[in-house]
Every structure is written in structure tokens, then in C-alpha cells.
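J.: The structure that follows is given in the form of C-alpha cells.
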Amino acid sequence: MSDQPPVPPVPPVPATDPFGRLLRSIPGRDWLAAVIAAIGGWVAAYVVAGLSLLLTVAVAAAGGSGSSTGSIGSTGPLSGSGLGGAAPDVQDLLSGVSVLLGAPAQLVALADLGRLHLSGSAALFGVSGSAVLGVVPAVVLAAQVVIAVVLTRRIRTRELGLVQLVVTAVLSGVVLAAVTTLTGLVLAIRFPDVPGVSIDPVHAVGLGSVLGSFVIGTLSALLARPSGLVRGNVTLARALGTARIAASQLGVLVVVLVLVTIVVALIARPEWGAAIPLLVGNLAMAFTAFGFLGGIGTSDLGSGGSTTSAFGGPGAWVWLVVLFVLVTAFAAGLALAVRRNDRARTTLDWVVTPLVWLLGGVVVFVLGTGVIAYQATGTGVVGGSGSVGVTPWTPLVFALWGGAVEAVARYVAPGLLPRVGGRTVLVAARLVGTDPRPAAPVPAWSAAPGVVPGAPAAPSGPAATPGAPAWGQAAGAQSFPGSGTPAPAPMSPRAKKVLVRSLIAGGAVVVVVIAGAVTTSVLRSNVWGPAPTVRSYVDAIARGDAAGAERLSEVPPDASMLDSTVLKSAADRPKDVRVGRVTTSGDSALATVTYTQGGKNRSGQVTLRRTGTTFLVKDEWRVTRPLADTVSVTASDALEGAPVTVGGKKVGEISDGAFRSLAYPGTYDVRVGGSKYFTGGTKTVSVGGATSSYVDFQPKATKQLTIDAEAYVTDLIESCAAKTDVDALSGCPWYSPYDADGPVEYQVKTMPKLTVDVSGSGTISVESTEDGVIGYDYTSFFGDSGHAEDDFDVYEYLEVQDGTLVSAY
């Protein structure tokens with residue numbers, strides 16, 4: 180026996196540390212995906228930034244010179260000794276290379292929430308200064324995020340847990356921050372040394388770009404597959420589903436507004452051209468803020484700032500954007516209801532949905548706002564700062580729209596979606612996804628045998644037991660529309676590849692079309708020959724001399740409105756006419772014309788044909804395609820053959836329900852005549868503006884129609900009152916007594932008050948606004964004499980045949 184006390188057992192030492200096990204549990208493919216996605220996103224942003232800069236320079240160069248030829252200027256990085264002399268200076272070459280390679284890198288840093296820093300000094304004048312510019316190129320940022328998300332989804336595995344997912348996402352953020360920072364510093368724009376002038380390297384790297392690139396890289400990796408973040412958290416899943424709907428609405432709005440902005444810039448606003456390739460996304464964000472009834476303005480830029488919104492300043496076009504936002508918001512509410520797939524919602528959704536739209540407004544505010552700060556020192560200190568773009572209160576308006584979307588999802592969708600059809604709703608659910616739903620809690624006193632009260636219930640949702648109630652209701656409640664219809668089959672890998680390739684091809688086609696339009700604008704040039712003819716031609720239109728314009732052009736047959744009387748009656752004829760570039764190809768020419776109409780800048784194109792040459796130098800040209808648009812007038816069949824007059828002169832008549840004619844730019848009063856019973860009236864149509872040159876006429880009742888229609892119904896009532904046979908009241912506004920035996924005598928005690936309306940198809944309805952009173956005397960089946968009075972109303976439909984009113988039935 181030993182007197183030594185027993186030694187306590189020593190706890191086993193863990194074989195490895197938890198952090199090491201975590202790192203080893205992440206497959207090498209996921210490490211690679213985190214790095215490649217970040218680098219691939221940066222490369223995509225760099226390429227898009229470079230292309231945007233090239234297009235911007237090309238458009239700006241085209242807009243700055245009116246001739247078709249040019250020469251290399253004597254200033255700039257390549258001006259050292261000229262192109263035909265000795266080799267240029269090495270510093271000039273390095274400076275040019277730094278601009279070509281560094282400018283896109285700085286745009287990427289700006290897209291990652293950086294600030295462009297400029298500073299320098301001029302010793303000769305004793306002046307030094309600095310400036311900071313901050314604007315997020317939305318197109319560059321979109322390219323970075325999209326490619327990063329696509330690469331992450333394509334490469335990363337699906338087996339990662341939440342912690343593993345966060346680790347790889349943080350790695351993506353670190354890699355993107357490192358690449359953006361290093362390339363921004365290494366590729367800083369450096370200018371050549373000039374005696375007495377010192378300009379520091381220009382770059383956009385700072386604390387904002389480092390943190391911004393880290394956050395953007397991390398979020399891109401996390402949101403590549405949001406389902407990995409949920410992990411059974413129903414509340415988070417539903418919040419992400421709401422965010423998906425909000426992002427879809429904003430994405431549709433921005434894409435459509437980008438396309439509209441490009442079209443407007445190429446056609447109606449050529450002065451926007453230089454800013455379009457680089458800042459088209461930011462302009463679309465600003466227009467989106469207008470559509471949500473937000474504000475655009477300036478702040479602290481020397482004048483104290485100003486703000487404008489849809490309620491004043493931009494023009495009537497902004498209400499089209501507001502209407503588009505209203506339609507997409509209503510659709511978002513329906514989509515949100517389809518995604519939720521239930522009707523029992525919590526009060527928390529009234530917070531989550533506005534908050535999600537508020538975050539969307541914050542994104543619009545960040546991408547649609549530019550900031551600037553500057554400071555200069557010399558004999559004194561001058562400085563200031565300010566911003567241009569979306570106003571800070573705009574996100575709050577977005578939150579109110581989020582509340583409206585929530586209201587649509589709660590109160591409108593449950594009554595509307597069941598009428599849409601199950602298959603349609605299921606297809607919509609396939610597009611927007613479906614939120615998971617927690618199982619309804621089972622009371623302890625009603626738990627089934629073997630079920631422990633308080634234990635987690637089986638999840639419910641689209642995959643729940645067939646016949647289970649949807650929309651979060653109890654058993655027996657109304658099911659989700661289409662619950663009995665099989666869901667669409669998931670896309671096969673081959674179909675997904677075809678879809679991705681089709682989207683890439685479609686994007687390439689859009690890029691080619693836009694690039695072709697810009698290139699065509701760049702290649703236009705002014706030629707002396709047709710320019711004077713174009714000038715004289717448009718000046719004749721501006722002063723209302725259609726005959727003078729006709730002498731210089733070839734008038735097509737469908738041009739009855741190209742008349743001097745008609746043109747002189749037009750308001751808002753072209754003013755401040757300018758002939759732009761003229762491109763000549765053989766005996767044909769194309770001229771671009773700009774002018775103002777109604778205080779707004781307009782543009783158009785005129786084609787010409789060479790008809791001869793005199794003195795071997797002066798060409799004679801005639802306009803073959805006039806500066807005119809087609810006016811389309813449509814009318815109901817009731818106005819067939821009615822004369823069409825403009826400015827007091829008849830220009831045609833309604834044939835087959837329409838009249839069309841070319842017309843010069845201006846605002847015209849178009850009158851459509853009529854017949855004895857119908858008239859079209861007068862409406863205004865604008866040609867050459869932003870609105871469509873289309874107007875529709877519906878028949879309006881003449882005074883004679885009202886008189887004759889009322890007389891028709893009065894005669895009908897009197898003829899019915901003269902009948903005594905109880906079976907002869909077909910088409911009459913009252914019925915005979917049910918117990919009458921033999922003839923009945925009617926007396927109209929009070930005639931009804933009538934109103935006459937005309938439909939768009941020409942059908943005439945005569946209705947009573949106050950009932951009439953009919954009295955009748957008769958003998959009943961029992962031989963008793965009776966007298967009674969009853970109210971009657973009139974609903975009569977008439978039409979005109981061969982100039983006469985007849986019953987429409």
C-alpha cells in the first residue's frame with residue numbers, strides 16, 4: 180500500500196486547433212474561386228472602364244470639330260518633336276502610357292467608392308492647390324459585381340457551411356482590396372515634368388477605396404448564392420427574398436432608362452454624347468430618383484444649392500418615368516406576394532419591406548451623386564466643397580414606396596392572384612423564387628401521439644404535404660393559386676449554357692449596335708456642296724414658306740400637309756437652325772440639322788441627291804427625304820369619310836378609319852368634320868418633338884343627334900302606350916300586369932328624363948336619369964277592374980344606318 184494520493188487524470192490535448200480545422204475543411208476549389216472571382220471582377224471593370232474612356236474621347240473629338248479632316252495638335256504627350264521628326268521624349272511617352280493604362284485603373288478605384296486626388300503647384304505664380312472628386316461609375320461597378328458573382332457561382336462548390344462561406348467571402352474582399360489598391364497606386368497618372376510646374380501623381384486610392392473594394396468583394400461573394408446565408412433562418416430568407424424583388428424592380432428601371440438615355444442622346448440630345456459612354460449608368464440612377472418622386476440638385480457649390488423634382492423643373496417627360504415606376508412597383512408587390520406564398524404576415528414586414536427599399540434608395544443616392552472639394556493657396560486661400568446629384572432625402576421616399584409595395588402584397592395580391600391562373604402564378608414563382616415558411620406551432624393539448632410539445636415542427640412550403648393549406652392559413656383555407664398544377668421542370672445544364680450564351684450574344688449585339696451608332700456619328704463630316712441647299716430648305720420651313728421648300732425638294736405623294744397655308748398655321752416652327760455635318764457618298768448626301776422648337780433643342784436628318792454641276796465647282800442638290808414626320812389621324816367608323824382640315828384647308832378625309840400625311844416640324848390644329856349626327860372636333864398634334872405625331876378622334880354627338888334620339892325614345896314610349904295586347908310589349912320599357920285578363924289600357928303619367936351618350940364605336944345609348952310613370956287599367960282573372968301605376972326606366976341602344984336612327988339590336 181502506498182501513501183501517495185491518487186494523481187488526477189489529465190484531460191486529453193486536442194489533436195488540432197479549431198481554426199486550423201476550419202481552414203482545412205474548405206476545399207481548394209473554393210479558395211481558388213475566392214481569388215479568381217475577385218481578380219476576374221477587377222479585370223472586367225478595367226476593360227469596361229477602358230472602353231468607356233475610348234468611346235468618351237471619340238465622341239468628344241467628333242463633337243469638337245466640324246470638319247471631316249484634322250491634324251495632330253501641337254500640345255499633348257506626343258508633341259515633343261512632331262510625328263515626322265526625331266523620336267519623342269521618353270518622359271512624354273511614359274506620361275502617355277500612364278494615362279492610357281492608369282485612367283481605367285483609377286475609374287475602377289472610383290467605382291469602389293474611392294476619391295480622385297489631384298494636387299500640384301506653380302512656383303512661377305506662387306500658387307498651389309488640390310482637389311478631390313468622387314463619383315461612382317455605375318457601369319464599371321456593375322461589370323465588376325456581375326463578373327465576380329458569375330465566376331463565384333461557376334467555380335465555388337455548394338458544400339460550404341456558413342462559417343466557411345464567410346471566410347471565403349472575406350478572402351475575396353481582401354484580394355479585391357489588394358488588387359484595386361496596388362494597381363491604383365502603381366498605375367497612377369503621371370504628367371511630364373514642366374519647369375516651374377509640379378503635378379503630383381493622380382490616383383483614386385484612399386481609405387474609401389480600400390474599405391469599399393473590401394465590402395464590394397465580400398458582398399459579391401456572399402450574395403452569389405444567398406441560400407448559403409440562410410441555413411434554415413426563415414426570417415433572413417424572407418428578408419433576402421424581399422431584397423431580391425426590390426433589386427429586380429430597380430434593375431429593370433435602370434436598364435430601361437439606360438437604353439432610353441442612349442437613344443435620347445443619339446437623337447434628341449447630342450450634347451450629352453461625351454458623357455454617355457462613361458456616366459450613362461449615373462444618369463439612369465438620377466432619372467430613377469426622379470421616377471420615385473425624389474430630388475436632384477446641387478449643394479454648397481458657390482450658390483447655396485438648388486433642388487428639383489418631378490413636381491417642377493424637368494418637364495412632362497418625367498411623369499412617364501413616374502408612371503413606369505408606379506407600374507413596376509405594383510408588379511413588385513404582386514411578385515412579393517407570389518414569393519411569400521402565404522397571407523398571414525407579421526407586423527415585422529411593415530418594417531422590413533420599407534427598409535429594403537430604403538437601402539435601394541441609398542444605392543441610388545450613392546451611384547447618382549458626385550462630390551467635389553477643392554482648395555487653392557496663393558495670395559489668399561480659396562476652397563469649397565459640394566455635391567451634385569440625388570438629394571439625401573430621396574432614400575426616405577424610396578422607403579415610402581416600399582410601404583406601398585407591402586400594401587399591394589398584403590391587400591391587393593390575395594384578391595388578384597387567384598384570378599390570374601395557377602400556371603401563370605407558378606411560372607412567376609419560378610422566376611421570383613419562393614420563401615420558406617415556418618411550420619405552424621402545435622398546441623401541447625392537441626399534439627399527436629409521439630410528438631413532443633415544443634419540438635421543432637416539420638417545415639412547410641411548396642414542398643409540404645399535398646393538400647396542405649397555403650398562404651399561411653389554417654386547414655380548409657383558400658389554397659395558393661395553382662397548387663394542384665405541377666411546377667415547371669428545372670432547366671437542364673445544357674439549357675442553362677444556351678441561356679447564358681444567348682444573353683452574352685444579346686449583350687454583344689447591343690454593344691455592337693451602340694458602338695456602330697457612335698461610330699457613324701463620329702464619321703459624319705461637313706461638305707460644302709449640299710450644305711447651302713439644306714440651309715435654304717430648312718430656313719423656308721422656319722418662315723412658313725412650304726412652296727419655297729418644295730422648289731428645293733422632291734415632295735412624295737402622301738404629303739398633302741406640306742402646304743404653305745398649313746405650315747403657316749403651325750406654331751413652334753423651327754428656329755435657330757444650324758446645319759451640322761454633311762456626309763457625301765457619290766451623288767447622295769446626308770445632312771444633320773439642329774434647331775430649337777418650343778424652346779427645346781431638336782435634331783433631324785435630311786437626305787439629298789446631286790442633280791447636276793455647273794462651272795465644274797457648284798453642285799445642284801435636291802432634298803429627297805424631307806425634314807418631316809408622318810402625322811397619323813385615326814377615327815371611329817362613325818366618322819368614315821369625314822373631311823380633315825388643318826389651318827382652314829382641307830388636306831384629306833378619313834378613309835378606312837385613318838388619314839396620314841407628312842408634315843414639317845410644328846404644332847398643328849387638326850379638325851375632323853362629321854355628319855348630321857356626329858362630329859370629330861379639333862385636336863392638337865406636334866411634329867418633330869418628343870411626343871408621337873399621332874391623334875385619335877372619337878365621334879361626338881351633335882345637338883341634332885340628341886334631339887332625334889330623345890324623339891325616337893319618346894315615340895317608342897307612346898307607341899307602346901297605344902298597345903292593348905298584353906303579349907305585344909316586346910321592346911317596351913315596361914311589362915303588362917301579371918293578372919290581366921284581356922286588353923290593357925296604358926296612360927303615360929310622366930315621361931322619363933333622358934340622356935344621350937355616344938360610344939367610341941358610334942353606338943348611341945339613351946338612358947333615363949329619372950324614371951317615368953305608367954298607369955294602366957285592366958280586368959283581372961277574377962273579373963275585377965283594376966288600376967295601377969308603376970315606375971319605368973329606359974335603356975335603349977341605337978345606331979345610324981343610311982343617315983337614320985334605328986335600334987342597335
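So for the sequence shown, this note's numbering puts the first residue at 180; every next one is plus one. Ideal Cβ placement from N, Cα and C applies to all residues, glycine included.
1) With distances taken between CB atoms, is the gap from Leu232 to Pro283 smaller than 9 Å?
2) In terms of residue numbering, what span does the alpha helix (DSSP H) encompassing Thr525 cover?
3) In the DSSP assignment, what are the bridge partners of Thr548?
4) Helix, strand or coil: how does DSSP classify Thr359 here?
5) Reducing DSSP to helix, strand and coil, say where Asp268 ends up.
6) For the alpha helix (DSSP H) containing Ala882, list its first residue and its last residue.
7) Taking the alpha-carbon positions, what's the Gly791 to Trp800 distance?
8) Let's test the definition: count the other Cβ atoms within 10 Å of the Cβ of Asp751 and tell me whether it reaches 16, buried, or not, exposed.
9) Between which two residues does the beta strand (DSSP E) containing Gly820 stretch?
10) Going by beta carbon distance, what residues of the same chain come within less than 8 Å of Thr397, once the five residues before and after it are set aside?
11) Which residue's Cα is closest to the Cα of Thr744: Tyr553, Thr763, Ala842, Ala552?
12) For Ala749, which of helix, strand or coil comes out of DSSP?
13) Tell me which same chain residues have a C-beta within less than 6 Å of the C-beta of Gly460, skipping the five on either side of it?
14) For the pair the region 806–813 and the region 922–942, tell me if three or more CB-CB distances fall below 8 Å.
15) With distances taken from CA atoms, which of Arg200, Val329, Glu946 is nearest Ile218?
16) Leaving aside the five residues before and after Gly473 along the sequence, list all residues of the same chain whose C-beta is less than 6 Å from its C-beta, in chain order.
17) Roughly how many angstroms lie between the CA atoms of Val311 and Gly547, to the nearest whole one?
18) May I ask which residues mark the beginning and end of the alpha helix (DSSP H) holding Ile205?
19) Would DSSP call Gly460 helix, strand or coil?
20) What are the start and end residues of the beta strand (DSSP E) that includes Ser478?
21) Distance, Cα to Cα, Glu338 vs Leu401?
22) Quick check: the Cα distance between Val734 and Ala728, rounded to an integer number of angstroms?
23) Is the Cβ of Val227 closer than 9 Å to any Cβ of chain D?
24) Can we say the region 847–861 touches the region 875–891, given the rule of at least three CB pairs closer than 8 Å?
25) Can you tell me where the beta strand (DSSP E) with Val606 in it begins and where it stops?
26) Can you look up Gly396 in the DSSP assignment and give me helix, strand or coil?
27) Can you tell me which of Ile395, Val325, Gly407, Ala357 puts its alpha carbon nearest to the alpha carbon of Gln343?
28) Suppose the cutoff is 7 Å on Cβ atoms and the five residues either side in sequence are ignored; what does the same chain contact list for Leu818 look like?
29) Could you work out which residue in Gly308, Thr414, Asp291 is closest to Gly385 when comparing CA atoms only?
30) With DSSP collapsed to three states, give me the class of Trp221.
31) Assuming Val517 contacts Val611 under a Cβ cut-off of 8 Å, what Cβ separation, rounded to an integer in Å, is found between them?
32) Run the CB neighbour count on Trp496, radius 10 Å, all protein chains shown included, and call it buried at 16 or more, exposed below.
33) What three-state label does DSSP hand Trp913 in the structure shown?
34) May I ask you to report which of helix, strand or coil DSSP gives Gly375?
35) DSSP three-state label for Glu832, please.
36) In three-state terms, what does DSSP make of Arg760?
T.: Taking the coordinates as given:
1) Against a cut-off of 9 Å, the Cβ pair of Pro283 and Leu232 comes out as a contact.
2) Element bounds for Thr525: n/a, residue is neither H nor E.
3) Gly568
4) helix
5) Low confidence applies here, because Asp268 scores a pLDDT of 49, under 50, leaving its location unreliable and the question unanswered by this model.
6) In the sequence under discussion, the amino acid at residue 882 is Lys, which differs from the Ala named in the question. Element bounds for Lys882: 882–900.
7) 7 Å
8) buried
9) It is not in any beta strand (DSSP E) - Gly820 carries neither H nor E in the DSSP assignment.
10) Ala348, Val349, Ser351, Gly352
11) Ala842
12) Annotated three-state conformation of Ala749 is coil, per DSSP.
13) Ala317, Val318
14) no
15) Val329
16) Excluding the 5 residues flanking it on each side, Gly473 has same chain C-beta neighbours closer than 6 Å at Thr573, Val576, in chain order.
17) Each residue's alpha carbon lies about 17 Å from the other.
18) Premise fails: Ile205 is in no alpha helix (DSSP H) and is neither H nor E.
19) helix
20) 474–478
21) 14 Å
22) 9 Å
23) The structure shown contains no chain D, having only a single protein chain.
24) yes
25) Counting along the chain, Val606 falls outside any beta strand (DSSP E), though it belongs to the alpha helix (DSSP H) covering 601–611.
26) helix
27) Gly407
28) Ile833, Val851, Gly853, Phe857, Gly859, Phe876, Pro878
29) Asp291
30) helix
31) 6 Å
32) exposed
33) coil
34) coil
35) strand
36) strand
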